[in-house]
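Given below as structure tokens:
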């Protein structure tokens, strides 16, 4: 649209003339060396990709490559951490105590009327599973992954500078920022003209957030009602499978809702951005990405946030439960802790999203579209065959799907980066699954770009733009989220507090007893006691909370332990957040932004330039001298050599060297 | 030292030739318009300063100007916050309760043997003074000042870009980073050669830290012993003035120690940096600044940190006090709270440091040196007078002190910035004092540069270098420090918790009673009870802490209230830190780095360039066309206009336009 971009494009097209000759070779190599699953272990031929598809797509694949490569160490550490959990599950005292039938903790019923008292040892399975993800190694892993995120960003910064140096992208910086002279009409829009657009924007985004939250709420209500109904069922088998059935179906519903809303939100973001009438192309893209990211992020993570930080915290206590719709008790976490539920939720959504998106949206739908197009175009192609000419390239190209921008590709990866960084404390295998997905994803994308899409117009870009900011923002956000997951969702802090403050022996023995409060069954509200109990004469049942026992003067209020554990949890958050932020700063400071090889190359180039310049100056000086000596022989006495006159010229040099 | 710097200097000197003609005028204007106290309300003639002293000094004064200017709103808000404290001191319920003699709280003795029980109402004065600095407005002010620090940095970034644009400094960037080719000998030093230097460095810095901490410890011991000795004195007047005398003398000792160590640390930092043999000049300066900053920062703030976060926290409780040297009880905070002590410490060190440094180090010593030099040089000057010639400029210049770099000037301001940002929650008048100091400081520095120092060699610089990083680091650090001061040093959180959790009426009535624990006098250790008491038969005394009463089953352990308040304090830290960090990000994001006027100017310039370029292209095209038409008339049939040939040329354009 602007004059200078037109010129720049002209330049680009002209430059392209030189490259176009090598395209068929290029295509061949890309097809054979890059767009194949069997090449998964190889480095990508990024320079070729850039040559064939342009800088923007080249940068995407380079970025994806760096990300995938760095997932390897993260996966290995994740596997080791998970292995530590597996190895220590049998020696772990809390899970041993939970499985120990001789300890005989009688727990308060899980629902009103239909549910009976139960023994804690029946929850042995979840307790053991919980230990796999909820152990001290997880804390180490959360710190590790926070630093990993910083390392990844720093590494990418270096790679980007290397690429922009070898692809000679440094010059286009200013073009992008200032040169898009837009039509005067858009330029002249005042804030009053833009106000309605902004209002629609804000209200639409809030409405979409509302939609997401209602979807989450709907699933919660589904879980509450269905589990209540199933608990009342006379069939004992239905009863025993309540938790598994409900959790599994609910997560699947969540997943389907996320996938559907994801598609809707993409369209909504586009519509909203068009309403804003951004001034420039770059501006448009940035706003679109930000909006789409915001909507999709909330969509993908809302159910996970609910499980991590809210589930089970509003359930009340025996004798004073919280009810929704007057009849249904708010849901609680599994007896093994909330972390195992978070882990299930996270893994299913992450895996499901990746598998479904890869298979259906990225392979299935394009294939389907291609098929439809092929059938449609059959007539015209047949007409051409009658002409007995080979089909032209542009016709072959037309049979391919159009290129729809890199935004969906980046978005998918960024949301995945969220799974890897935000809640990694609850699921140390996330990097491994991400790695496996990405190894396929690279080749899948490559295949798609090479064979299934029309070759996109090559677009220049000096960096990955706003995606970097989003990544960096997520990295920062992940620190506080992980701090809260470790301190509030996992049982790490209560265990530490028990061991060092309340344990008589300094060991973990007695921890389970310590976390269970007492409840006097006679304090149950009328009609909520078990209708028919197999447990005979029970006067006191236990529940997981830190509250005063019934025989205390202020029964059922939060006990001293509660406040003590809460203080420890909060102190841990402060410690963790500030430690990780400090370490991140150190890591970012230690790793120089510009790789050493490039610094040296720049130095060499500069030295060369200076040498050339000096030689020229010397020659000029000699020339002047010889002229003067000739002159001087004619006019003796005026023999002043203007040595300083050469100097003002290098002023130009410093801008050329930049 | 490198070739290119030599060239660059050559250029600079050549460029200087044009300017030198205007120097006397320049000097005159600076002397009359800038280096006078009466010009304090005026903007500085920064462009003239830069012309006369070079970019580096120009940037310093520009920075100092921006900082001082932004201190004005901070001072105004600080005065309003302080005014709020003054206005509400009479209606404040906690200080009313403390002054209310009818409530009759009998407090446990403040020292062993010599001290008697005492009534809380005698501490009424400090309670009222405390409210001036410890009220809800302080919390608002701390948030405000954290954002102010971000705003200041952003504002400076914009100003710097404006200056570097109008002074044309953009080009020198790369020169600074890559061009200092150092001698091969230094280049070849391996880490093994550098190891001893680093070892000496680290150990020396640790030793200096040790020195600072021992000085702080020495003052603490002074305070403990002197107050114990004075309390034992038979003179009642000495006894009643214990706290005031001890606090005042201790702070003065602190101040003197800080001023002496400051000078020593400056020299040590220089010596240590020389040991490291840094590769470049810039590198040398950066390392020197970092080391000097680290040492001086710890020196200036160690006593303040002690008062803010450690004083009174290790004193123990009645019946179980902590003793040093077996005889002296650890010191406690004043009954009004620790914040008032922090405030006294802060204000005296800040004011004392500024006054003494301004008067003695910046005015007194230079004058003294000048005097000494004048006396010394008397002989030679007299000899010259005999020659009956006017004294030469270089002789006049020699009579002036040499320029010792900007580091001390910046350092003084950065340490002051620390007082304004780090502990501002405890002393809202700090910005006002800083403002008053700086208004004088600018003119004092100006006077010094214009009249008292030899004119320094003009040095180019594109920014204020590492000082920006130090400022930004301090801004980040101040967030967490202010969070801790508000939640742990002030009584803000305990008051909130009391009002919303423990108060029966929802008001602050009864707060003082709630913060005082009970102690059974019979539990005092033998020999620590008051030797002669005026209070008759006392069985229970009170002390400020949240502990179980003597009649509880676990007497004197921390009570539920203690843990509850602790949790609230920690939650506040998390909330405050993350809120301020988030707001800072928003502020930094909202304010564009490059001022709009400059963006537009760049656009205009670019457009101009493009226009010129297009005209040239057009002319070239017409020329070619006319040539071809001439040619064509000779060779008809080859009439192909090579339109695309003009295009590859603009490739140069994009780098020139940068």
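Residue numbers (UniProt numbering), protein chains in the order written: chain A, 1 to 658; chain B, 1 to 658.
C-beta: ideal position from N, C-alpha, C; glycine also.
- Counting the other CB atoms within 10 Å of its CB gives residue 72 of chain B a total below 16, which places it among the exposed residues.
- A Cβ of chain A is located within less than 9 Å of the beta carbon of residue 564 of chain B.
- The beta carbons of residue 576 of chain A and residue 479 of chain A sit closer together than 9 Å.
- In the structure shown, residue 119 of chain A adopts extended strand secondary structure according to DSSP, grouped into three states.
- The C-beta distance from residue 64 of chain B to residue 442 of chain B rounds to 6 Å, short enough to meet the 8 Å contact threshold.
- Using a CB distance cut-off of 9 Å, residue 163 of chain B does not count as an interface residue toward chain A.
- Between residue 333 of chain A and residue 341 of chain A, the alpha-carbon positions lie close to 7 Å from each other.
- Residues of chain A with a Cβ closer than 7 Å to the Cβ of residue 571 of chain B are, in chain order, 570.
- Within the same chain, 288, 291, 292 and 295 come within 7 Å of residue 269 of chain B by CB-CB distance, once the 5 residues on both sides are set aside.
- Residue state for residue 618 of chain B is assigned as helix, using DSSP reduced to three classes.
- In the three-state scheme derived from DSSP, where H, G and I count as helix and E and B as strand, residue 472 of chain B is classed as helix.
- When 7 Å is used as the limit between beta carbons, residue 578 of chain A is near these residues of chain B: 480, in chain order.
- With respect to residue 518 of chain A, residue 497 of chain A sits apart: the two C-beta atoms are not nearer than 9 Å.
- With a threshold of 9 Å between beta carbons, residue 462 of chain B makes no contact with chain A.
- When rounded, the separation of the alpha-carbon atoms in residue 515 of chain B and residue 124 of chain B is 16 Å.
- By the 16-neighbour rule on beta-carbons within 10 angstroms, residue 260 of chain A is exposed.
- DSSP places residue 557 of chain A in the coil class of the three-state scheme, outside both helix and strand.
- The DSSP-derived three-state label of residue 552 of chain A is coil.
- Neighbours of residue 567 of chain A in chain B, taken as residues whose beta carbon is under 8 Å from its own, are 563, 566, 567 and 570 in chain order.
- About 18 Å separates the CB atoms of residue 421 of chain A and residue 137 of chain A; that is not less than 8 Å, and the two are not in contact.
- Taking residue 111 of chain A as the centre and dropping the five residues before and after it, the same chain places the C-beta of 228, 231 and 329 closer than 7 Å to its C-beta, in chain order.
- Distance from the CA atom of residue 242 of chain A to the CA atom of residue 235 of chain A, rounded to whole angstroms, is 11 Å.
- With at least 16 other beta carbons inside 10 angstroms of its own, residue 426 of chain B counts as buried.
- Contact between residue 134 of chain A and residue 371 of chain A is absent: CB atoms are separated by about 48 Å, not below the 8 Å threshold.
- For residue 546 of chain A, no beta strand (DSSP E) run applies, since DSSP gives it neither H nor E.
- Taken through DSSP and simplified to helix, strand or coil, residue 316 of chain B comes out as strand.
- The C-alpha of residue 40 of chain A lies about 11 Å from the C-alpha of residue 69 of chain A.
- In the DSSP assignment, residue 436 of chain A falls within the alpha helix (DSSP H) that extends over 430-447.
- Between the stretch 85-96 of chain B and the stretch 298-316 of chain B there are fewer than three inter-stretch CB-CB distances shorter than 8 Å, so the stretches are not counted as touching.
- In the assembly as shown, residue 131 of chain A is a buried residue. Its beta-carbon has 16 or more other beta-carbons within 10 Å.
- Listed along chain A, no residue sits closer than 8 Å to residue 192 of chain B by beta-carbon distance, the nearest being about 19 Å off.
- Taking 9 Å as the cut-off, the Cβ atoms of residue 495 of chain A and residue 474 of chain A do not count as close.
- In this structure, residue 403 of chain A sits near residue 454 of chain A, with a CB-CB distance shorter than 9 Å.
- Here residue 519 of chain A carries a strand assignment [DSSP, helix/strand/coil].
- Residues 135 and 137 of the same chain have their beta carbon placed closer than 7 Å to that of residue 84 of chain A, with the five preceding and five following residues left out of the count.
- Between residue 318 of chain B and residue 115 of chain B the beta-carbon gap is near 12 Å, outside 8 Å, which marks them as no contact.
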